[in-house]
Each structure stands twice: as structure tokens, then as C-alpha cells.
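Undergrad:
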Amino acid sequence: MPRPKSVYVCDACAAQSLKWQGQCDACGAWNSLIESRPMPALRALSAAPAAAVRRLADVEEREEARRSTGIGELDRVLGGGLVAGSATLIGGDPGIGKSTLLLQAAARMSEGSPTLYVTGEESLRQVSLRAQRLGVAAGDLRLLAQTCVEEVLAEAGRLHPGALVIDSVQTMYSAALQSAPGSVAQLRETTAQLVRFAKLAGTAVFLVGHVTKEGVIAGPRVLEHMVDTVLYFESDSGSRLRIVRAVKNRFGAANEIGVFAMAGDGLKEVPNPSAMFLSRHAKPVSGSAVMVAREGTRPLLVEVQALVDESQLANPRRIAIGLDANRLTLLLAVLHRHAGVSLSGRDVFLNVVGGVRIAETAADLPALLACVSSLQDRPLLEHTVAFGELGLAGEIRPVPFGEERLRESAKHGFRRAIVPAANGRRRLVRALAMLDLEVIGAARLPDAIDRAFA
Ligand code: TYD
Ligand code: MG
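Numbering-wise (my numbering), the sequence shown opens with residue 2 and increments by one.
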């Protein structure tokens with residue numbers, strides 16, 4: 002078969018050129034030309050067959066049939082199970098457990114329908130050794146060590162698997178392109194072919210993707226656009242906890258998380274993770290505050306720790322792990338301006354225990370309480386939780402799902418909750434008092450600080 006001729010497309014302006022050159026003639030960008038296949042690659046992106054225009058009301062609604070992966074927490078992040086014909090990208094640092102999780106899931110899924118696990122990184126022997134450690138070696142899982150995507154698809158076409166796992170997409174190459182596996186052009190092409198296969202054959206395809214040092218899936222963002230669901234592994238170094246987060250999901254809630262613990266025999270589900278992210282202190286310590294976050298569709302009790310220390314630097318450090326560092330700078334300005342607490346000349350370190358990342362603004366208030374507590378070396382009152390968003394005017398703004406967060410705190414034995422005034426409505430306060438939870442609504446930052454300490 003003659004090799005289709007490549008064209009080179011500028012990543013910045015999409016101009017095409019017949020040969021590679023260092024600078025794009027059209028827009029002048031450097032190193033922006035990438036090899037691409039002329040038409041098929043483009044057509045591959047629109048996987049649905051050409052169809053006539055129809056009225057929205059006439060399109061028959063059909064609940065996406067979902068299948069369990071056999072792992073409850075994985076089903077949860079996928080939005081309630083696996084959708085036939087979906088393409089899912091799973092990213093994460095090396096060694097975090099991507100292959101482990103997918104091998105476990107693939108083994109479970111192979112009990113229902115044929116499942117094909119394609120390994121481009123490890124030999125069949127390595128995979129089989131791992132399967133033995135995981136205790137899933139006896140199943141009906143099919144393995145294939147292959148890195149040519151056309152060969153993989155030919156094999157998959159014969160087997161008609163219900164699920165296909167590609168570990169990893171960076172090792173795959175298409176024979177139609179000359180560039181090396183892992184290059185942008187190859188990633189685009191192989192992913193396009195795999196996604197098209199998923200749609201046409203109704204196979205659920207999982208793609209493992211490596212992440213770069215910056216923490217995004219290596220290769221272009223285009224991969225994230227091409228697939229239906231993007232999952233990321235998060236973890237603290239040294240921690241056994243692994244959090245899988247849906248960053249994008251066409252079939253479910255984004256930001257849903259699944260929690261696992263790495264054990265000697267693979268990843269174990271943590272179906273009730275609500276209090277996994279608290280460290281147990283015998284008595285209250287300064288610099289620690291407990292917040293109720295809501296990640297995905299469930300509340301989560303999380304400890305935020307702060308360390309405020311004299312700085313030796315002209316520009317004191319502001320470091321936040323698990324929270325947004327820019328947000329921290331903003332919060333410290335609010336703390337100074339509206340509560341009169343200055344942290345100038347001091348380093349501020351903030352850490353969320355357990356390696357979970359909190360993107361919610363509900364973390365604002367507990368983060369500042371932890372900072373004040375560390376600065377003044379005063380612990381917060383015992384059994385206290387807090388949540389709330391801070392405005393630039395020093396007001397504490399309500400956050401969604403206040404009641405659910407409060408009930409979760411009560412369930413875990415907390416006695417006081419410092420919350421936005423608008424979240425502490427009277428009826429709710431009375432109801433929670435029955436559960437031994439005192440709800441303290443604070444309208445402004447200084448009120449909250451007053452009430453948080455003895
Ligand atoms: P792996 O799944 O190979 O990670 P990735 O595919 O994301 O690079 O990583 C597994 C890591 O977890 C490895 O460092 C060893 C450890 N591990 C366990 O602790 N228990 C196990 O049962 C297995 C299979 C691996
Ligand atoms: Mg791996």
C-alpha cells in the first residue's frame with residue numbers, strides 16, 4: 002500500500018505546507034509545523050457517520066447503557082459505569098498506578114465480555130507477573146504486546162472486545178506517519194484512529210497517557226479534546242492514597258473523584274473516604290484547620306495545614322500544595338486588609354493533607370484560619386470545622402451544599418462549624434443542634450476568626 006503523503010500543519014495558524022521547515026511561512030511561528038496526514042486524519046475526528054439534519058425533539062432519547070468496570074470507585078468517576086463506545090484518557094505520574102488500576106479493571110471486565118489489554122511498555126511476562134500479584138491471573142483477559150496502532154486495531158477488529166486498554170498511547174505509532182512514537186503528530190493520529198474505532202465498534206477504549214513535568218498529559222491538549230473522558234491520578238508523594246479525578250466527562254459530572262489505597266496486591270477501593278484526609282492529632286495543634294470540601298458529588302472532610310515562619314528572603318515565600326497558590330496570595334491580602342493580620346516578612350506554607358487537590362473556594366476560610374493559627378501559635382477550638390468563600394471586601398460568601406457539608410461534619414463527630422452566615426439558616430441550625438453540632442454563621446472574616454479560637 003503506498004504511504005499517503007504527509008503534510009505539515011502549523012499548530013498556531015493551521016497553515017499547511019508540503020515540507021517541514023523551522024518557521025511557519027504564514028504566521029511566522031517557530032517550530033510549530035507538525036506532520037499530519039492529509040484527509041483521513043481530519044475525517045477521523047468526526048467519528049459519527051454523516052447523517053441528515055433532524056429536529057432535536059425527534060431525536061429519540063436513549064439512556065446510555067452503562068456497564069460496571071467491576072471497580073465501584075472507577076465506575077463512580079466515569080459517571081456511573083462504562084459507556085459503550087466511549088474513549089477515556091487516564092493520566093498520572095509514572096508509578097502512580099495507572100497500569101495497576103487498568104489491569105485490575107480489565108480483568109474484571111473480561112468476565113463479562115472479551116477484553117483486550119495492549120501493552121507497549123511492558124513485556125507480556127511483566128504483565129503476567131503483575132497479574133499474579135494482583136490475583137487476577139486466572140481470568141479470560143487477552144493480552145497483546147504491540148505498538149503499531151494499525152496492527153492493534155486489526156487484532157481488535159477480529160476479537161470485538163467490549164473494552165480495549167492501550168498502555169500507553171505514547172508508545173503507539175501509526176505506520177502512516179514517519180515521525181517517532183510519542184511525537185505530537187503520532188499521538189494525534191493514533192488517538193484519532195482509536196477513538197474512531199471506539200465509536201464504530203462500540204468498544205470502550207482506555208488510553209493511558211503520561212504526564213509531563215508540568216503535570217499535563219504529554220503531547221498536546223488536543224488529546225483531551227478528542228476523548229470523551231479525561232481522568233487524572235493525584236497523590237501525595239509517599240502516601241498510599243490515590244485519587245482519580247474526572248477532569249472532563251461527557252457522560253457524567255466533572256470533578257468527581259474516586260479514592261483508592263495502594264496495597265501489596267494492587268489498588269483497593271476506599272468507598273467511604275470522607276475522613277481519610279484528616280491526620281489524627283491527640284490534642285489540637287496550631288496551624289491546622291479541618292474543612293468540609295465537596296469533590297464531585299460527595300462531601301469530604303479534609304485537613305488544611307499552614308506553617309507561617311519568619312522569612313530570610315526579601316520576597317517571602319507563598320507556597321500552597323493542594324490549593325491554588327495565586328488564591329493564597331489574594332487571601333493573605335484580604336487577611337491583612339480586613340482582619341488586620343499582617344504576614345509580611347513571613348513565609349507561608351499551606352498543605353492539604355493526603356494529596357487531594359481542592360479547587361473549591363470553600364477552602365478560603367479554613368486556609369486563613371490555619372494561617373492565623375500558625376502565626377499566633379494558637380490551635381483552633383477542638384472539634385471545629387469550617388468552610389466558606391472570602392470576598393475581596395472581607396465578607397464570607399455562602400457556598401453550595403451547605404447542609405450536606407454540615408451533616409457530614411456532624412456524622413464524624415465535629416461539634417462546631419464556622420460557616421458563611423448565609424449557609425447557617427435558622428431552621429438548619431436547629432436541626433443540626435439535635436445532632437450536637439453548633440453552627441456558627443459568620444458574615445465577615447474578623448467574626449470568623451473571633452469564633453474559631455478559644
Ligand atoms: P504502575 O501501575 O506500574 O504505575 P504506572 O502505570 O502509573 O506507571 O505502578 C505501580 C506502582 O505501585 C509501583 O511503584 C509498585 C506499586 N505497586 C504496589 O504497591 N502494589 C501492587 O500490587 C502493584 C502491582 C504495584
Ligand atoms: Mg504503566
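All residues carry an ideal CB built from backbone N, CA and C; glycine is no exception. Predicted model, so just to flag it, every value in this text is computed and none were measured.
Under three-state DSSP, which class holds L457?
TA: The first residue shown for the chain is 2 and the last is 455, placing residue 457 beyond what the model contains.
Undergrad: Would DSSP call A443 helix, strand or coil?
TA: Strand, per DSSP.
Undergrad: Within the chosen definition, does the region 306 to 320 reach the region 395 to 408 through at least 3 CB pairs nearer than 8 Å?
TA: Touching, no, given that fewer than three Cβ pairs across the two stretches are closer than 8 Å.
Undergrad: Using C-beta distances below 6 Å, list every residue in its chain close to R295, excluding the 5 sequence neighbours before and after it, in chain order.
TA: Here the set comprises F402.
Undergrad: Report all residues from its chain with a CB closer than 6 Å to the CB of A199; omit the five preceding and five following residues, and keep chain order.
TA: Contacts found: G86, A88, V206.
Undergrad: Mapping DSSP to helix, strand and coil, what is G73?
TA: If DSSP states are grouped into helix, strand and coil, G73 belongs with the helices.
Undergrad: Assess, as a yes-or-no matter, whether the region 131 to 146 is touched by the region 107 to 121 under the definition of 3 or more beta carbon pairs within less than 8 Å.
TA: Yes: at least three Cβ pairs fall under 8 Å.
Undergrad: Leaving out the 5 sequence neighbours to the left and right, which residues in its chain are closer than 6 Å to L43 when beta-carbon positions are compared?
TA: Bear in mind that a pLDDT of 46 at L43, under 50, signals an unreliable position, so the number given afterwards is only what the model happens to contain. Around L43: no qualifying Cβ.
Undergrad: Is G73 near P300, with beta carbons less than 8 Å apart?
TA: No, the Cβ-Cβ distance between G73 and P300 is not below 8 Å.
Undergrad: Give me the Cβ distance between G288 and A307, rounded to the nearest whole Å; I'm assuming they're in contact under 8 Å.
TA: With 8 Å as the limit, G288 and A307 qualify as a contact, their Cβ atoms being about 5 Å apart.
Undergrad: Give every residue of the same chain whose Cβ lies closer than 7 Å to the Cβ of A107, excluding the five residues on either side of it in the sequence, and list them in chain order.
TA: Cβ neighbours of A107 beyond the five flanking positions: T116, Y118, L142, A164, V166.
Undergrad: State yes or no: is the C-beta of L142 nearer than 7 Å to some heavy atom of ligand 1?
TA: No - ligand 1 has no heavy atom lying nearer than 7 Å to the Cβ of L142.
Undergrad: Considering just the uninterrupted stretch of the beta strand (DSSP E) at N352, what are its terminal residues?
TA: Element bounds for N352: 347 to 353.
Undergrad: Where does the unbroken alpha helix (DSSP H) through C457 begin, and where does it stop?
TA: Residue 457 is absent from the structure shown; the chain starts at 2 and stops at 455.
Undergrad: List the DSSP bridge partners of T116.
TA: In the DSSP output, where bridge partners are listed per residue, T116 has A164.
Undergrad: Can you check whether the CB of F278 is closer than 8 Å to the CB of V357?
TA: A contact, by the Cβ cut-off of 8 Å.
Undergrad: Residues in the same chain with beta-carbon distance under 6 Å from G80, minus the five sequence neighbours each way, listed in chain order, please.
TA: Correct list, in chain order: N250, F252, G253.
Undergrad: Note the first and the last residue of the continuous beta strand (DSSP E) segment covering Q306.
TA: Counting along the chain, the beta strand (DSSP E) containing Q306 begins and ends at 299 to 311.
Undergrad: What do you reckon, is the C-beta of K99 under 7 Å from a heavy atom of ligand 1?
TA: Flag set: Cβ of K99 near ligand 1.
Undergrad: Which of the three DSSP states, helix, strand or coil, is assigned to N250?
TA: Looking at N250 - three-state DSSP - the assignment turns out to be strand.
Undergrad: Could you check what DSSP says for A45 in three-state terms: helix, strand or coil?
TA: Low confidence applies here, because A45 scores a pLDDT of 48, under 50, leaving its location unreliable and the question unanswered by this model.
Undergrad: I need the straight-line Cα distance from L302 to T191, nearest angstrom please.
TA: Between L302 and T191, the C-alpha separation is close to 41 Å.
Undergrad: For a test of the three-state rule: what should DSSP assign to V260, helix, strand or coil?
TA: Residue state, collapsed to three classes: strand.
Undergrad: May I ask which residues mark the beginning and end of the alpha helix (DSSP H) holding E457?
TA: Since the displayed the chain opens at 2 and closes at 455, residue 457 lies outside it and no answer follows.
Undergrad: On the three-state DSSP scale, how would you describe G356?
TA: Three-state result, G356: helix.
Undergrad: When you compare each of V185, G136, A157 to Y9 by their alpha carbons, which one comes out closest?
TA: The candidate whose alpha carbon is nearest that of Y9 is V185.
Undergrad: Would you list the one or two residues that DSSP bridges to V293?
TA: DSSP output for V293 lists L302 as bridge partner(s).
Undergrad: Within its chain, find whatever has a CB closer than 7 Å to the CB of A176; leave out the 5 residues flanking it on each side and keep chain order.
TA: So the qualifying residues of the chain are C149, E151.
Undergrad: Give a yes or no on contact between the region 222 to 242 and the region 90 to 107, applying the rule of three or more CB pairs nearer than 8 Å.
TA: Yes, the region 222 to 242 is in contact with the region 90 to 107.
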